[in-house]
Every structure is written in C-alpha cells, then in structure tokens.
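With full-length UniProt numbering applied, the sequence shown closes on residue 356, and no number is skipped along the way. C-beta: ideal position from N, C-alpha, C; glycine also. What you are looking at is a predicted structure, and each value in this text was computed from that prediction instead of being measured. Below is one structure, written out as structure tokens; comments come after it.
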Amino acid sequence: MKAKALWINQIKGLCICLVVIYHSVITFYPYLLEMEDTHSVFLAKCWVYLNLYMAPFRMPVFFFISGFLITRYINDVPWGNSMRKRVWPILYVLALWGVIQWLSLVSINQWLAPEKILSTSNAAYSETMADFVARMGTASTSLWYLYAMIVYFPLCKLLSRYKAVLLPVLMLTSIAINFFPTPFWGMNSVIRNLVYYATGAWFGAQLVLWIKTHALRDNLLWFTAAIIFSFAMYNLKINLFLSLLSIVLIMRVFWLLEGKLQPTESSIMNQLGTNTISIYTTHRIIIEALSLWSLSLIKGDVLSTPVILGILLVYPFFSLAICTAVGMAARKVSQHLFSDILFTPPLPGATQSPAR
1 MKAKALWINQ
11 IKGLCICLVV
21 IYHSVITFYP
31 YLLEMEDTHS
41 VFLAKCWVYL
51 NLYMAPFRMP
61 VFFFISGFLI
71 TRYINDVPWG
81 NSMRKRVWPI
91 LYVLALWGVI
101 QWLSLVSINQ
111 WLAPEKILST
121 SNAAYSETMA
131 DFVARMGTAS
141 TSLWYLYAMI
151 VYFPLCKLLS
161 RYKAVLLPVL
171 MLTSIAINFF
181 PTPFWGMNSV
191 IRNLVYYATG
201 AWFGAQLVLW
211 IKTHALRDNL
221 LWFTAAIIFS
231 FAMYNLKINL
241 FLSLLSIVLI
251 MRVFWLLEGK
261 LQPTESSIMN
271 QLGTNTISIY
281 TTHRIIIEAL
291 SLWSLSLIKG
301 DVLSTPVILG
311 ILLVYPFFSL
321 AICTAVGMAA
331 RKVSQHLFSD
341 ILFTPPLPGA
351 TQSPAR
C-alpha cells in the first residue's frame with residue numbers, strides 16, 4: 001500500500017473498532033440495567049449513553065471513506081468491470097456470511113440462552129428460510145453495511161453527472177428518515193447514510209485536498225460557527241451536520257498524525273483497516289457468544305461485585321481485542337487454506353478484488 005493511503009486505511013481501522021464496540025455494548029449492557037448493585041447499573045448506563053453519543057461519528061465516517069476509495073470506479077472504470085469488482089464480491093460476502101451468521105447466532109442462543117426470546121426483526125434470528133430471505137432483502141441484518149455498499153455504488157455511478165443537484169436532496173432525505181422511518185430498521189440506516197457515501201464518491205477528492213491544505217486555525221471563526229450549529233441541530237435530533245463535521249475533523253487529525261508519526265503497513269491501525277471485511281463479518285458471532293456467556297456468569301451469582309465492576313468497566317475493550325484478533329486470523333486462514341473463499345468469490349480465470 002502506498003504511504004499516502006495509510007492514513008485513510010487507519011481511519012477505516014478506527015471505524016471498524018467503533019462498530020465492534022457498538023455491538024459489544026448493545027448486546028451486553030442493556031441486560032444489566034435491572035441489577036441490584038447501583039454501581040454496576042451506573043457503569044452499564046455510562047456505556048449505553050456513550051454508545052448513543054458516538055452514533056454521529058461511527059458509520060458516517062466509514063461510508064465517506066468507502067465512497068472516497070471508489071471514486072476512480074465512479075468516474076473512469078466501465079460499468080461491467082466496475083460491477084464485477086465493486087459489487088459482485090460484496091454481494092458474495094453478504095450472502096455467504098448472512099447464512100453463516102444466521103446459523104451461528106441461532107445455534108449459540110440455543111446453547112447458551114435457550115430461554116431467550118430472539119428478535120423478530122433481525123435476519124440472524126430468523127426461524128425459517130423465508131423469513132431470513134425477506135429480512136435480508138430489507139437490510140434487516142447486522143451486515144446491513146454490505147447491503148448498503150451494493151446499493152450505493154451503482155446509484156452513485158449512475159447519477160454522478162447530477163451530483164450537485166442530488167447531494168442536497170440526499171441531505172434532506174437523511175434528515176427526513178429520522179422523523180419518517182420505514183418499517184425496516186436496516187433500510188432506515190441504508191437511506192440515512194447514503195449521503196455520506198455519495199459525498200465521498202462525488203466530492204471526496206476535493207474535500208481531502210481542502211483538508212490537507214487548510215489549517216483549522218486559519219478558519220477558526222467558521223469552524224466555531226460550524227460546531228455551534230452542528231450541536232444545535234443535534235439537539236433537534238438532526239445528526240447530519242455533526243456527522244459531516246466529524247468527517248472533516250477525523251480526517252484532519254489522521255492526516256496530521258501521519259506527518260508526525262510516519263505510520264507503516266505493519267501498524268495495528270493499518271492492519272485493522274486492511275482487514276475490515278473479515279472483522280465486520282465475524283465480530284457479531286463472537287460478540288453474541290461472549291455476551292451470553294458473560295451475562296450468565298454475572299446473573300448467576302458466580303462472580304463477586306468487584307469482579308463484576310471490573311468486567312463492566314473494560315468489557316467493550318476486551319470484546320474488541322478478541323473480535324479483531326479472530327477477524328484477522330479468519331482472513332489469514334481463509335487466504336492460506338481456502339484461497340480466500342470466505343471473503344472473495346471463487347471465479348476461476350478472473351482477477352477478483354477482495355471485498356474490503
């Protein structure tokens with residue numbers, strides 16, 4: 001990987017860490033809010049609220065980077081080659097890991113929590129194949145990011161000539177979906193985040209150039225006004241502007257850090273960014289098992305209060321370490337033993353770009 005791309009890859013690493021932490025929190029802490037120990041409840045609430053406040057910074061940056069990285073395919077690569085390299089590999093991974101996740105999560109729950117009432121809105125908890133297919137078709141899956149990538153690319157390529165007109169429309173749509181949602185939670189997320197992917201795909205090159213050439217201190221008045229306005233909108237349940245601001249800030253920080261720290265391809269954040277697809281597809285399975293096992297210990301009066309407090313304090317980081325290690329190991333095993341069939345479609349005679 002060229003050095004100039006390392007800072008972008010490290011942002012991908014940060015984003016996948018935030019995604020893993022998000023799922024670690026929502027599958028664990030809400031089930032502890034009824035505990036008798038007030039300190040445990042306090043820690044659980046802290047993580048729940050922190051997770052909520054991180055929402056504007058997690059997926060928007062991820063989608064902007066994803067859009068930015070496919071700019072060449074939007075502008076220069078023919079349709080056939082583009083679809084073969086940017087859509088088909090992701091569709092393959094979505095279908096394969098959708099089934100793997102479904103079978104895994106149902107089995108894990110039958111093993112560790114047979115009495116648990118499973119969600120009826122997530123494809124991973126479907127009781128029948130028909131339910132599974134229907135929910136996958138409406139993006140009602142923990143893998144909805146992959147669903148979005150499949151939809152976003154052809155849309156942005158098809159409509160790129162109208163980008164100046166369509167971007168404000170996408171911004172309004174992203175705001176409107178918060179107040180007028182569809183019945184499908186995954187589809188709501190897909191609609192909400194299209195604007196960030198499109199911004200990266202259509203205007204990412206210009207924005208990155210601006211970030212590299214303009215210091216925030218030289219635009220302090222405008223920057224301060226943007227912060228005040230963004231938080232005012234956030235208080236009105238409009239995350240769009242805070243999310244756009246976070247994209248600029250995070251990219252600026254990583255760009256500056258690259259100049260000071262000189263990151264290498266072997267750095268941990270770069271490795272995480274390189275393995276986002278394997279971490280993303282495997283982490284939800286690991287988290288399900290880890291959360292159910294941990295909850296059984298905590299609620300089974302097996303652990304002392306100090307030990308429980310320690311677990312509640314660091315659980316998301318412990319989960320993050322396990323999930324990232326397993327995800328990267330899964331990619332290596334797939335590459336060395338199975339010709340990467342777990343993450344790349346097997347098409348003999350054709351050069352495939354692995355899904356990332």
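Which residues in the same chain as residue i place their Cβ atom closer than 6 Å to its Cβ, once the five residues preceding and following it in sequence are excluded?
i           : result
residue 62  : 15
residue 127 : none
residue 251 : 211
residue 223 : 216
Just to confirm before moving on: does the CB-CB distance between residue i and residue j stay below 8 Å?
i           : j           : result
residue 296 : residue 112 : yes
residue 322 : residue 298 : no
residue 146 : residue 90  : yes
residue 87  : residue 154 : yes
residue 342 : residue 329 : no
residue 55  : residue 239 : yes
residue 194 : residue 158 : no
residue 319 : residue 24  : yes
residue 324 : residue 272 : yes
residue 339 : residue 345 : no
residue 357 : residue 291 : Residue 357 lies beyond the stretch modelled for the chain, which goes from 1 to 356, so this question has no answer here.
residue 142 : residue 184 : no
residue 64  : residue 197 : yes
residue 190 : residue 68  : no
Using the rule of at least 16 other Cβ atoms within 10 Å of the residue's Cβ for burial, across every protein chain shown, is residue i buried or exposed?
i           : result
residue 119 : exposed
residue 235 : exposed
residue 288 : buried
residue 243 : buried
residue 148 : buried
residue 46  : exposed
residue 72  : exposed
residue 182 : exposed
residue 302 : exposed
residue 360 : Since the first residue shown for the chain is 1 and the last is 356, residue 360 is missing from the structure and cannot be characterised.
residue 13  : buried
residue 98  : buried
In its own chain, which residues sit with a C-beta less than 8 Å from the C-beta of residue i, not counting the 5 before and 5 after it?
i           : result
residue 160 : 74, 75, 201 and 202
residue 264 : 6 and 270
Leaving aside the five residues before and after residue i along the sequence, list all residues of the same chain whose C-beta is less than 7 Å from its C-beta, in chain order.
i           : result
residue 280 : 16, 19 and 145
residue 59  : 193
residue 313 : 43
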